[in-house]
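Q: Chains A and B, in that order, give the protein sequences. Take the first sequence: its position 152, counted from the start at 1, is 151 in numbering that gives the first Met the number 0, and no numbers get skipped. Take the second sequence: its position 87, counted from the start at 1, is 86 in numbering that gives the first Met the number 0, and no numbers get skipped. I'd like to ask some things about the structure below.
There are 2 protein chains.
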Amino acid sequence: MSSSVLALVRPASPLAAPLFDGPRLAFARDEALFAEGARAEFVYRLVSGVVRRGKVLRDGRRQIDGFHLPGDYLGLELGEHYRLTAEALTAVTVVRIRREALHGLAEQDVRAARALLDLTVGELGRCQDHVLLLGRRAATERVAVLLLDFAQRSGAESLVDVPVSRQDMADYLGLTIETVSRCIHQLQHDGLIALPTPRKVLLRDRAALERMVG
Amino acid sequence: MSSSVLALVRPASPLAAPLFDGPRLAFARDEALFAEGARAEFVYRLVSGVVRRGKVLRDGRRQIDGFHLPGDYLGLELGEHYRLTAEALTAVTVVRIRREALHGLAEQDVRAARALLDLTVGELGRCQDHVLLLGRRAATERVAVLLLDFAQRSGAESLVDVPVSRQDMADYLGLTIETVSRCIHQLQHDGLIALPTPRKVLLRDRAALERMVG
DNA sequence: CGGACCCTTGATAGCTTTCAAGTCAGGTGG
DNA sequence: CCACCTGACTTGAAAGCTATCAAGGGTCCG
Chain A
0 MSSSVLALVR PASPLAAPLF DGPRLAFARD EALFAEGARA EFVYRLVSGV VRRGKVLRDG
60 RRQIDGFHLP GDYLGLELGE HYRLTAEALT AVTVVRIRRE ALHGLAEQDV RAARALLDLT
120 VGELGRCQDH VLLLGRRAAT ERVAVLLLDF AQRSGAESLV DVPVSRQDMA DYLGLTIETV
180 SRCIHQLQHD GLIALPTPRK VLLRDRAALE RMVG
Chain B
0 MSSSVLALVR PASPLAAPLF DGPRLAFARD EALFAEGARA EFVYRLVSGV VRRGKVLRDG
60 RRQIDGFHLP GDYLGLELGE HYRLTAEALT AVTVVRIRRE ALHGLAEQDV RAARALLDLT
120 VGELGRCQDH VLLLGRRAAT ERVAVLLLDF AQRSGAESLV DVPVSRQDMA DYLGLTIETV
180 SRCIHQLQHD GLIALPTPRK VLLRDRAALE RMVG
C-alpha cells in the first residue's frame with residue numbers, strides 16, 4: 000500500500016474530534032476562501048462542499064495542489080501569508096478560526112499542538128507524492144492515480160464520483176484538458192474503466208489500475 | 000564539502016539555536032541515512048556535507064525532493080515510517096535524535112513545539128513550489144529556477160557552485176540528464192550564464208533569469 | 001597511458017500540447 | 001414543448017518539446 004497521491008486531502012490520522020469548532024460561514028461557488036499572498040488571518044475547516052487549492056504563474060498557467068472535502072483543514076501554511084489560493088468548487092460551508100487563536104490553542108494544549116503537527120505532516124506527505132507524480136509519471140498513470148484517489152476517498156466500491164471538471168483535473172495533474180480526456184478514453188478503451196457519464200467513472204479492473212500506478 | 004555549497008532546502012525561519020544537539024555521526028558518500036519505508040526512528044540535523052532526499056518508483060524512475068545542506072533537518076515526516084530516502088552526496092556528519100525524544104521535547108517546551116511546526120511548514124512550502132515547477136514549467140525555466148536557488152543559497156554574487164551532478168539535477172527537475180545539459184547550454188548561448196566548469200555557473204544576467212522564472 | 005565517470009552533442013522517436021472542430025447535456029426563453 | 005445557447009467534454013491533425021539512443025569529449029586518478 001504505497002502511499003499513492005491523495006488528490007483529496009484529508010487528515011493524516013483522523014482526529015477524534017475537530018481541532019476547533021464555531022459558527023459556520025458560507026461561500027458561493029467560485030468564491031475564494033483566501034488568496035495567495037494575502038495575510039493569513041484564518042484557518043478553515045471544511046464542513047460541506049468541495050474546494051480547490053492552488054497557485055497561478057503570472058502568465059496564467061495554473062497548478063492545483065489538491066482538492067478538499069468536508070473534514071479537511073485549509074490554510075495550514077501557517078506563515079504570515081497564504082502560499083496558495085483556495086476556491087469553492089461548489090457552495091461551501093466552513094468553520095474558521097483565527098490563526099493566532101489556533102496557535103494559542105496549541106500552546107495551551109499539547110494534544111492540539113500534536114494534532115496540528117500531524118495535520119501538517121500529512122499535508123507534506125501528500126505533497127511529496129504529488130511531486131513524484133508530476134516529475135516521473137506518464138499522463139495515463141497520472142490520471143489513473145487520480146481516479147483511484149477519488150475512489151478511495153469516496154469509499155465507493157466501483158462507481159466513482161469525479162467531483163471536479165476536466166480542467167481542474169488537468170491543472171492538478173500538470174496536463175492539458177485534452178490530454179486528460181484522451182487518457183480517460185484510453186483507459187476506457189483498455190477496459191479498465193467505463194464512463195456512464197463524464198463525472199461518473201466505473202472501475203472495471205481496479206487491480207490493473209493499481210498495477211499501473213505501482 | 001565546501002561550505003559555499005547550497006541547497007534547495009533550508010529552514011523556513013532560521014532557528015536561533017538548533018532544535019536539539021548531541022554526539023555526531025558520520026556517513027560516507029553514497030551511504031543512506033535512512034530509507035523510504037523503514038521505521039522512522041530518528042530525526043537528523045545535518046552538520047556538514049550534502050544530502051539528497053527522494054523516492055524511486057518500482058521500475059527505477061527516481062524523483063528527488065530536495066537537497067540538504069548543513070543546518071537542515073531530515074526525517075521530519077514524523078510518521079511511523081520514512082516517506083523517502085536520504086542519501087549522502089558527500090561525506091556527511093549529522094546529529095540525530097530519537098523521534099519519540101523529539102516529540103517529548105515538543106510536549107514539554109512550547110517553543111520547541113512551535114519550532115518543529117515551523118520547520119515542517121517551511122518544508123511544505125518548498126514542496127508546494129516544487130509542485131508548481133514540475134507541473135507547469137518548461138525545461139529551461141526549471142533549470143533556471145534551480146540555478147537561482149543555488150545562487151540564493153550560497154549567497155554568491157554571481158559565481159555559483161553547483162553541488163550536485165547533472166543526474167541529480169535531472170531527478171530533481173523531472174527531466175533527463177541530456178535535457179538538463181541542453182538547457183544549460185541554451186542559457187549559456189543566450190548569454191544568461193557562463194560555465195567556467197560544469198559545476199561552476201557564472202550568472203551573467205541575473206535579472207533576465209529572474210524574469211524568466213517569474 | 002588507460003579506464004571510469006561525468007558531461008555534452010547529435011539524430012530520431014514519441015508523447016503531449018496546440019489549434020480547431022465537433023458533440024452533448026442542461027438551462028433559458030419564445 | 002422546442003429552439004437555442006452556453007459550458008463542458010471529446011476528437012482529430014499537426015506542431016513542438018523532451019526522451020531515447022548513440023557517440024564523442026574531458027578530466028581525474030590509478
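Beta carbons are placed, not taken as given, at the ideal position from N, Cα and C, and that holds for glycine.
Find the nearest neighbour of Ser222(B) within the set Arg165(B), Asp189(B) and Gly53(B), judged by alpha-carbon distance.
A: What is shown of chain B runs 0 to 213, which leaves residue 222(B) out entirely.
Q: Report back the beta-carbon spacing between Arg135(A) and Gln62(B) to the nearest angstrom; my notes put them in contact at under 8 Å.
A: The pair is a contact, with the Cβ atoms about 5 Å apart (cut-off 8 Å).
Q: Report the residues of the segment 76 to 99 of chain B with a CB closer than 8 Å to any CB of chain A, ordered along the chain.
A: Within the segment 76 to 99 of chain B, the qualifying residues are Glu76, Leu77, Gly78, Arg82 and Leu83.
Q: Closer than 9 Å, Cβ to Cβ, to anything on chain A: give me those residues from the segment 113 to 129 of chain B, in chain order.
A: Flagged, chain order: Arg113, Leu115, Leu116, Asp117, Thr119, Val120, Gly121, Glu122, Leu123, Gly124, Cys126, Gln127, Asp128 and His129.
Q: Among the residues of its own chain, which have a CB less than 8 Å from the CB of Arg23(A), if the five just before and after it don't count?
A: So the list reads Val46, Thr92, Val93 and Val94, once near-sequence residues are dropped.
Q: When the cut-off is 7 Å and only beta carbons count, does Pro10(B) lie next to chain A?
A: Any reading at Pro10(B) needs caution, since the residue's pLDDT is 45, under 50, leaving its predicted position unreliable; the model's value is listed next. No, no contact with chain A.
Q: Go through its chain and collect everything with a Cβ distance to Leu191(B)'s Cβ below 7 Å, but skip five positions before and after it.
A: So the list reads Arg203, Asp204, Ala207 and Leu208, once near-sequence residues are dropped.
Q: Per DSSP, which residues does Gln62(A) bridge with? Please list them.
A: In DSSP, Gln62(A) forms a bridge with Lys54(A).
Q: Quick check on DSSP: helix, strand or coil for Leu68(A)?
A: Leu68(A): coil per DSSP, three-state reduction.
Q: Quick one: list the residues of chain A neighbouring Gln62(B), beta-carbon separation under 8 Å, in chain order.
A: Those within 8 Å of Gln62(B) in chain A are Val130, Leu131, Gly134 and Arg135.
Q: Let me know the alpha helix (DSSP H) ranges lying completely inside the segment 123 to 174 of chain B, each 4 residues or longer, listed in chain order.
A: Qualifying alpha helix (DSSP H) stretches, in chain order: 138 to 153 and 165 to 172.
Q: Suppose you measure from the CA of His102(B) to the CA of Ala169(A); what does that come to, to the nearest Å?
A: So the two alpha carbons sit approximately 39 Å from each other.
Q: Taking Cβ positions only, does Glu35(B) come closer than 7 Å to chain A?
A: Not closer than 7 Å to any Cβ of chain A, the Cβ of Glu35(B) fails to qualify, so no.
Q: Cα-Cα, which of Ile96(B), Glu177(B) and Val212(B) is closest to His129(B)?
A: Here the closest residue by C-alpha is Val212(B).
Q: Can the beta-carbon of Ser153(A) be found closer than 7 Å to that of Val161(A)?
A: No; because the gap between Cβ atoms is not below 7 Å, this pair is not in contact.
Q: Check the DSSP bridge columns for Leu24(B) and list the partner residues they point to.
A: Paired residue(s): Val93(B).
Q: Spell out a yes or no on whether the segment 71 to 85 of chain B and the segment 50 to 59 of chain B are touching, meaning 3 or more CB-CB pairs, one atom from each, closer than 8 Å.
A: Judged by Cβ distances under 8 Å, the segment 71 to 85 of chain B makes contact with the segment 50 to 59 of chain B, as three or more pairs qualify.
Q: From Leu147(B) to Asp108(A), what distance separates their C-alpha atoms?
A: Computed Cα separation, rounded: 41 Å.
Q: Report back the beta-carbon spacing between Val120(B) and Ile183(B) to the nearest angstrom; my notes put them in contact at under 8 Å.
A: Not a contact, Cβ separation roughly 33 Å.
Q: Kindly indicate the opening and closing residues of the alpha helix (DSSP H) around Glu86(B).
A: Careful: Glu86(B) lies outside any alpha helix (DSSP H), inside the beta strand (DSSP E) at Thr84 to Ala87.
Q: Ends of the alpha helix (DSSP H) at Val179(B)?
A: Residues Ile176 to His188.
Q: Which term fits Leu7(B), buried or exposed, when burial requires 16 or more other beta carbons within 10 angstroms of its beta carbon?
A: Model confidence at Leu7(B) stands at a pLDDT of 40, short of 50, so the residue's coordinates are unreliable and nothing is read from them.
Q: Excluding the 5 residues preceding and the 5 following Tyr81(A) in the sequence, name in chain order all residues of the same chain whose CB lies nearer than 6 Å to its CB.
A: These residues qualify, in order along the chain: Phe33, Glu35, Ala37 and Ala39.
Q: At a CB-CB cut-off below 8 Å, which residues of chain A make contact with Gly213(B)?
A: Ordered by position in chain A, the residues that pass the 8 Å Cβ test against Gly213(B) are Leu56, Arg57 and Asp58.
Q: Using a beta-carbon distance cut-off of less than 7 Å, what residues from the segment 170 to 185 of chain A approach chain B?
A: From the segment 170 to 185 of chain A, only Gly173 have a Cβ closer than 7 Å to chain B.
Q: Run through chain B and tell me which residues come within less than 7 Å of Val144(A), C-beta to C-beta.
A: Within 7 Å Cβ-Cβ: nothing; Val144(A) doesn't reach chain B, min ~12 Å.
Q: If distances are taken between C-alpha atoms only, which option among Gln187(B), Leu201(B) and Tyr72(B) comes closest to Asp117(B)?
A: Ranking the options by Cα distance to Asp117(B), first place goes to Tyr72(B).
Q: Find out if the Cβ-Cβ distance for the pair Arg44(A), Pro17(A) is shorter than 7 Å.
A: For Arg44(A) and Pro17(A), yes; Cβs fall inside 7 Å.
Q: So, helix, strand or coil for Leu208(B), using DSSP?
A: Helix, per DSSP.
Q: So Arg44(A) is in the beta strand (DSSP E); what residue range does that whole segment cover?
A: Unbroken beta strand (DSSP E) run through Arg44(A): Phe41 to Ser47.
Q: Counting only C-beta atoms, is Glu106(A) closer than 7 Å to chain B at any point?
A: It does; some Cβ of chain B falls within 7 Å.
Q: With a 10 Å radius around its C-beta and 16 neighbouring C-beta atoms as the bar for buried, classify Ala150(B) as buried or exposed.
A: The residue in question, Ala150(B), is buried, as its Cβ has 16 or more Cβ neighbours within 10 Å.
Q: Return the chain-ordered list of same chain residues with a C-beta closer than 8 Å to the C-beta of Phe41(B), the five sequence neighbours on each side being excluded.
A: If we look at Phe41(B) and ignore the five residues flanking it on each side, its Cβ neighbours are Phe33, Gly74, Arg95, Ile96, Arg97 and Arg98.
Q: Report the rounded CA-to-CA distance for Arg57(A) versus Ala193(A), giving the unit in angstroms.
A: Distance between the alpha carbons of Arg57(A) and Ala193(A) is about 38 Å.
Q: Under a CB-based cut-off of 7 Å, is Val220(A) close to chain B?
A: With chain A represented from 0 up to 213, any question about residue 220(A) goes unanswered, as that position is not in the structure.
Q: Compare the beta carbon distance of Gly48(B) and Ala112(B) with 7 Å and say whether it is the shorter of the two.
A: No, the Cβ-Cβ distance between Gly48(B) and Ala112(B) is not below 7 Å.
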